[in-house]
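Trainee: In the numbering used here, the protein residues as written are 35 to 205. Dumping the structure here so I can ask a few things about it.
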Amino acid sequence: MAVQTSYGFSPSRGVAGGLYDMSPRAVNSRTTEAEIVFGIGVMQGSAPGSNVALPAAASAAAAFEGIVLNGGTQEMNMEGAVTVGKGKTVSVLSYGRAWVRVEPESEIKYGDDLYLITDGDHAGRFTNSSSTSTKIAVPGKFIGANTTTGIAPAELFNAPALTTTPATSGD
Numbered sequence: 035m036a037v038q039t040s041y042g043f044s045p046s047r048g049v050a051g052g053l054y055d056m057s058p059r060a061v062n063s064r065t066t067e068a069e070i071v072f073g074i075g076v077m078q079g080s081a082p083g084s085n086v087a088l089p090a091a092a093s094a095a096a097a098f099e100g101i102v103l104n105g106g107t108q109e110m111n112m113e114g115a116v117t118v119g120k121g122k123t124v125s126v127l128s129y130g131r132a133w134v135r136v137e138p139e140s141e142i143k144y145g146d147d148l149y150l151i152t153d154g155d156h157a158g159r160f161t162n163s164s165s166t167s168t169k170i171a172v173p174g175k176f177i178g179a180n181t182t183t184g185i186a187p188a189e190l191f192n193a194p195a196l197t198t199t200p201a202t203s204g205d
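Next up, the structure:
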């Protein structure tokens, strides 16, 4: 009979919206304004502090609410997709570590800056590139590389979003 002889602080594999480890975190309950998936970033909805919405092109960094966590309460549909319907309650990580969905073309590595895609087919996913106007800086970092399943571990900091670009030394 096999016996487990050690325990880790994080699971060996991640799932979109799953907690990365047991580090300190803040999780808030919010209602969805639209159908969403786990592991994406969401913005304040029409009633801030009560509901969340998908990012839009006009989204501002200050309205970033957090990452939708996978609570294990949703079932797969007949097409194999796991979604959360409009008007459902979800857990939203405002700071801490979780597995996030990333832009398919991204090559994420440890320490990369965290940007939320706010427009297009990948709205709500994260990337490490700030190259277009459809991304906003999020107070956090990637804490590992992306996987073949389109997710990467990220940490959201317990800090307000940047509203201006910080000055570099010597400016």
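Ideal Cβ positions, reconstructed from N, Cα and C, are used throughout, including at glycine. Predicted model only: the values in this text are computed from it and were never measured.
For the pair the segment 59–77 and the segment 122–134, tell me if three or more CB-CB distances fall below 8 angstroms.
Mentor: Contact holds: three or more Cβ-Cβ distances are below 8 angstroms.
Trainee: With distances taken between CB atoms, is the gap from Gly67 to Lys120 smaller than 8 angstroms?
Mentor: Residue numbering aside, residue 67 sits at position 33 when the sequence shown is read from its first letter. Residue numbering aside, residue 120 sits at position 86 when the sequence shown is read from its first letter. A small fix is needed here, since residue 67 is Glu in this sequence, not Gly. Closer than 8 angstroms, so yes.
Trainee: Classify Ala171 as helix, strand or coil using the three-state DSSP reduction.
Mentor: In the sequence shown, counting from the first residue as 1, residue 171 sits at position 137. The answer is strand: DSSP assigns Ala171 an E or B state.
Trainee: Tell me, which residues are paired with Asp147 by DSSP?
Mentor: Position 113 of the sequence shown holds residue 147. Answer is Lys175, bridged to Asp147.
Trainee: From the DSSP output, read off the bridge partner residues of Gln78.
Mentor: Sequence index remark: in the sequence shown, residue 78 carries index 44 (1-based). Paired residues: Val86.
Trainee: On a Cα-Cα basis, can you pick out the residue from Gly174, Phe72 and Asp155 that is closest to Thr117?
Mentor: Along the sequence shown, read from residue 1 onward, the residue named residue 117 stands at position 83. That would be Phe72, whose Cα lies nearest to the Cα of Thr117.
Trainee: Can you find the residues in the same chain that come closer than 7 angstroms, C-beta to C-beta, to Val136, ignoring five residues on each side of it along the sequence?
Mentor: Stepping through the sequence shown from its first residue, residue 136 is reached at position 102. For Val136, where only same-chain residues beyond five positions count, the Cβ hits under 7 angstroms are Ile142, Arg159, Phe160, Thr161, Asn180, Gly184, Ile185 and Ala186.
Trainee: At the level of alpha carbons, what is the spacing between Glu99 and Ala36?
Mentor: Position 65 of the sequence shown holds residue 99. Position 2 of the sequence shown holds residue 36. Looking at the two C-alpha atoms, the distance is approximately 43 angstroms.
Trainee: What separation, rounded to the nearest whole angstrom, lies between the Cα atoms of Asp55 and Tyr149?
Mentor: Here residue 55 refers to the residue found at position 21 when the sequence shown is read from its first residue. Here residue 149 refers to the residue found at position 115 when the sequence shown is read from its first residue. If you take the alpha carbons of Asp55 and Tyr149, they lie about 21 angstroms apart.
Trainee: Bridge partners of Tyr129, per DSSP?
Mentor: Along the sequence shown, one-based indexing puts residue 129 at 95. BP columns for Tyr129 point to Ala60.
Trainee: In three-state terms, what does DSSP make of Ala188?
Mentor: Your numbering for residue 188 matches position 154 in the sequence shown. Ala188 falls in the strand class under three-state DSSP.
Trainee: Could you check whether Ala87 and Arg76 sit closer than 8 angstroms to each other, using their CB atoms as the reference points?
Mentor: Stepping through the sequence shown from its first residue, residue 76 is reached at position 42. Stepping through the sequence shown from its first residue, residue 87 is reached at position 53. First, the amino acid is wrong: residue 76 is Val here, not Arg. Yes, these two residues count as a Cβ contact at 8 angstroms.
Trainee: Between Ala193, Phe191, Val172 and Asn192, which has its C-alpha nearest Ser93's C-alpha?
Mentor: Translated into the one-based positions of the sequence shown, residue 93 becomes position 59. Comparing Cα-Cα distances from Ser93 to each of Ala193, Phe191, Val172 and Asn192, the minimum goes to Val172.
Trainee: Could you give the distance in angstroms between the alpha-carbon of Tyr144 and the alpha-carbon of Asn104?
Mentor: As a first step, residue 144 must be located in the sequence shown, where it is residue number 110. As a first step, residue 104 must be located in the sequence shown, where it is residue number 70. Whole-angstrom Cα-Cα distance: 23 angstroms.
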